[in-house]
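Using our numbering, count along the sequence shown one by one with no gaps and you end on 591. The beta carbon of each residue, even a glycine, is placed where N, CA and C say it ideally should be. The block underneath contains the structure these notes are about, expressed in structure tokens.
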Amino acid sequence: MDVLGRKKAVLLAVLCLGTGGVAAGGEVPGRVAALVRRGQAALDAGDPAEAFGAWRRLNLLAVGRPELLDEAELGLGRSWLMIGKTQFALGYARQVLRREPKSAGGWALLVRALLRGGDFAGALRQARRGAGLGLLEVPIFRAAHASALYRNQKLEEARKQYRILLRQNPLYPEALVRMGTGLIAPRPAPAAPSLRRAVALQRSGNFDQALQLVRSFLEKDPGHPIALRLAGEWLFEASRLRGPLLAGDRLPQAWILLDDQALRRDTLSSFFPGYTKLSPERQLQVRVSLRPFAEELPILLARGGRHDLLGEWERTTDAKERAWLRGQKTFDGRVWDDVRGMGGLRAATGVEALDEAREGGFQTLVHELAHQVHLYLFSAKERREIRGMFEKARRTHRTLDYYAAANEAEYFAQGVEAWVSLWKAAGQPVTHGHTRFELARRDPELFQWIERRFGPSVLDSPKGRFFARTAFDFALETAHLDDARALLPRLAPRDQSRARSALRQASLLFRGL
79 MDVLGRKKAV LLAVLCLGTG GVAAGGEVPG RVAALVRRGQ AALDAGDPAE
129 AFGAWRRLNL LAVGRPELLD EAELGLGRSW LMIGKTQFAL GYARQVLRRE
179 PKSAGGWALL VRALLRGGDF AGALRQARRG AGLGLLEVPI FRAAHASALY
229 RNQKLEEARK QYRILLRQNP LYPEALVRMG TGLIAPRPAP AAPSLRRAVA
279 LQRSGNFDQA LQLVRSFLEK DPGHPIALRL AGEWLFEASR LRGPLLAGDR
329 LPQAWILLDD QALRRDTLSS FFPGYTKLSP ERQLQVRVSL RPFAEELPIL
379 LARGGRHDLL GEWERTTDAK ERAWLRGQKT FDGRVWDDVR GMGGLRAATG
429 VEALDEAREG GFQTLVHELA HQVHLYLFSA KERREIRGMF EKARRTHRTL
479 DYYAAANEAE YFAQGVEAWV SLWKAAGQPV THGHTRFELA RRDPELFQWI
529 ERRFGPSVLD SPKGRFFART AFDFALETAH LDDARALLPR LAPRDQSRAR
579 SALRQASLLF RGL
């Protein structure tokens, strides 16, 4: 069974290097620059093995060369942050700041690690300290500062900082997406013909032309939320497509094998207006997302349920059923017009979310379908049970994340999305990176409830060993090692010895220093 392939071999070679293997002062600047580029590209792509390989090699080269040490340790800290190990990331940030108290990268890493660990107030305190040192002119720190403001509901300040950041760097993906998905004050945003042309170009694979068209549009209207969102989403997708999950055809084949439903096409097109206009890949992702809800879908449909799949240039409040939300805000302060997913009897999900799910990201459609089933189909008894589990989980700090802790509806929807997720790409936001194995570890009561209500899992189907092996491979490649351990007993006996060996090797790859 091939589990880490080339990346494992590369990183094992790095781990076996001793400092004696590096000639004193022996690397030319070009080699150092290449390692930095390689490490940053791996971070952008969510490739832990490649990232650790580059930054650890640079760290070896930094022996006796203090000018390299900050760069190497910041890269290692960001690598740990990518796989959710916030304490290691904090350790590297503090090491750098002890040596260089005005390191913008060190302050940015510190703030990001505190945010990832859930200490929003602490992150904002440190962000304000860094700003007081005059570091806001460095984009990486301004972005971290803006994110801390955003997470602490300081939305006016966050909007100001993201606007300045886009003047510093018009292609900063985080700023583009944040501004384009609910942070901008309510305003008209007609879908101009040039934006529709850009979408058509992007769909046909002409990424550079599509992005240039959107950039030209933003030069004339820099606050247009649709244009901002499109640019940011496309930049994020370009990075995701370079990640390890999308190497070869393993993930596309897995989605095809998950599509074993017999839902009638007319049922699908009635519940999802516009379904027939989707690309085959997006239609497939819709069907896969419906796996847990196949029995519920006809009932929801009979009760008047629908689920709009919003085109890239559409806004959530364009539909007459949701027009009353125009200019209003969500519980966390975003403008409803530009939020790309919502529950309700007439729910909505942006079509780009189907692409993100297909590429190993968050399954927004599953999350929103869970809202529909929970709120419009479950019995009063089932809703009481969910409320009881939510209150207990919040009291004992077992909710998956801060968003799941907000209310019982988000608690349940986050849980269902995690339950269906056999794999997730590395580097996901804290609310987007959950898997069924994490849910089982963190909130076993909710896991078991969902398993009884929507099961059995595909892991218990005749194809179960194929999916277990695929998920095991992906877990190692994305540094979800606890998930890999949970999957070991499900592997075929002939695979288990090699799998244990691969897991031991992966534990070395992603070990703490």
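Are the stretch 228-248 and the stretch 281-288 touching, with three or more C-beta to C-beta distances below 8 Å?
no
P376: which of V451, W391, G428, L244 sits nearest, CA to CA?
Closest option to P376, Cα to Cα, is V451.
Relative to the C-alpha of L175, which candidate in S539, G162, T164, V189 has its C-alpha closest?
Closest by C-alpha distance to L175, out of S539, G162, T164, V189, is V189.
What are the boundary residues of the beta strand (DSSP E) that L423 is part of?
No beta strand (DSSP E) holds L423; DSSP gives it neither H nor E.
Can you tell me which of the three DSSP states G419 falls into?
Looking at G419 - three-state DSSP - the assignment turns out to be strand.
Cutting at 8 Å between CB atoms, please list the residues of its own chain near R84, excluding the five before and the five after it.
A caution first: R84 carries a pLDDT of 40, below 50, which makes its placement in the model unreliable, though a value can still be read off. Hits under 8 Å: none found.
What residue ranges within the stretch 251-304 form continuous alpha helix (DSSP H) runs of no fewer than 4 residues, ordered along the chain?
Counting whole runs of 4 or more residues, the stretch 251-304 contains the alpha helix (DSSP H) stretches 251-256, 271-281, 285-298.
Could you compute how far the alpha carbon of R473 sits from the alpha carbon of A487?
16 Å
Roughly how many angstroms separate the alpha carbons of K407 and V413, rounded to a whole number?
4 Å
Give the DSSP bridge partners of V413, in chain order.
K407
Got a sec? Which residues, its chain only, sit under 8 Å from L566 by beta carbon, not counting five neighbours each side?
Same-chain partners within the cutoff: F550, Q574, A577, R578, L581.
Assuming contact is defined by CB atoms lying nearer than 8 Å, are D415 and T395 in contact in what I supplied?
yes
Which partner residues does L387 have in the DSSP bridge list?
T427
Could you tell me the alpha carbon to alpha carbon distance between L113 and D479, rounded to whole angstroms?
34 Å
Roughly how many angstroms lie between the CA atoms of G162 and G505, to the nearest whole one?
If I take the Cα positions, the gap works out to 8 Å.
Hey, could you find the ends of the alpha helix (DSSP H) Q118 is sitting in?
107-123
Is it true that the CB of E430 sits closer than 8 Å to the CB of L324?
With respect to E430, L324 sits apart: the two C-beta atoms are not nearer than 8 Å.
On the premise that Q492 lies in contact with H512, defined as a C-beta separation below 8 Å, what is that separation, rounded to the nearest angstrom?
7 Å
Quick check: the Cα distance between V366 and F490, rounded to an integer number of angstroms?
19 Å
Starting from the N-terminal side, write out each stretch of the alpha helix (DSSP H) that is 4 residues or longer and does not extend beyond the stretch 499-562.
514-520, 522-532, 542-555
Tell me the residue span of the alpha helix (DSSP H) that contains W185.
Residues 182-194.
Is R519 near D560, with beta carbons less than 8 Å apart?
yes
Under a three-way DSSP split, which group does Q441 fall into?
coil
Can you find a heavy atom of the ligand MG that lies under 7 Å from the Cβ of A288?
Annotation note on the ligand MG: not contained in the displayed structure, which lists no ligands.
Measuring straight from C-alpha to C-alpha, what distance separates E178 and L193?
22 Å
With V364 as the anchor, note down where its alpha helix (DSSP H) starts and where it stops.
358-367
With a CB to CB cut of under 7 Å and the five nearest residues on each side skipped, what residues in its chain are close to E390?
V277, L308, V429, E430
How close, in whole Å, do the beta carbons of A564 and F515 come, if the pair is a contact with beta carbons under 8 Å?
4 Å
Beta-carbon within less than 7 Å of G382's beta-carbon, same chain only, minus the 5 sequence neighbours each way: which residues are those?
L423
Looking at the unbroken alpha helix (DSSP H) that takes in Y228, where does it start and where does it end?
217-229
Within 10 angstroms of the Cβ of R207, are there 16 or more other Cβ atoms? Answer buried if so, exposed if not.
Classification of R207: exposed, given that the 10 Å Cβ count is below 16.
If G439 and H510 are in contact, beta carbons under 8 Å, what's the gap, nearest whole angstrom?
Between H510 and G439 the Cβ distance is about 6 Å, and since that is below 8 Å, they are a contact.
Rounded to whole angstroms, how far is the Cβ of R256 from the Cβ of I242, which I believe are closer than 8 Å?
Contact doesn't hold; Cβ gap of about 13 Å is too wide.
Within 10 angstroms of its Cβ, does I334 collect 16 or more other Cβ (buried), or is it exposed?
exposed
Whose CA, out of A150, L146, L319, A458, lies closest to the CA of R134?
A150
Starting from A577 and walking both ways along the alpha helix (DSSP H), at which residues does that stretch end?
571-587
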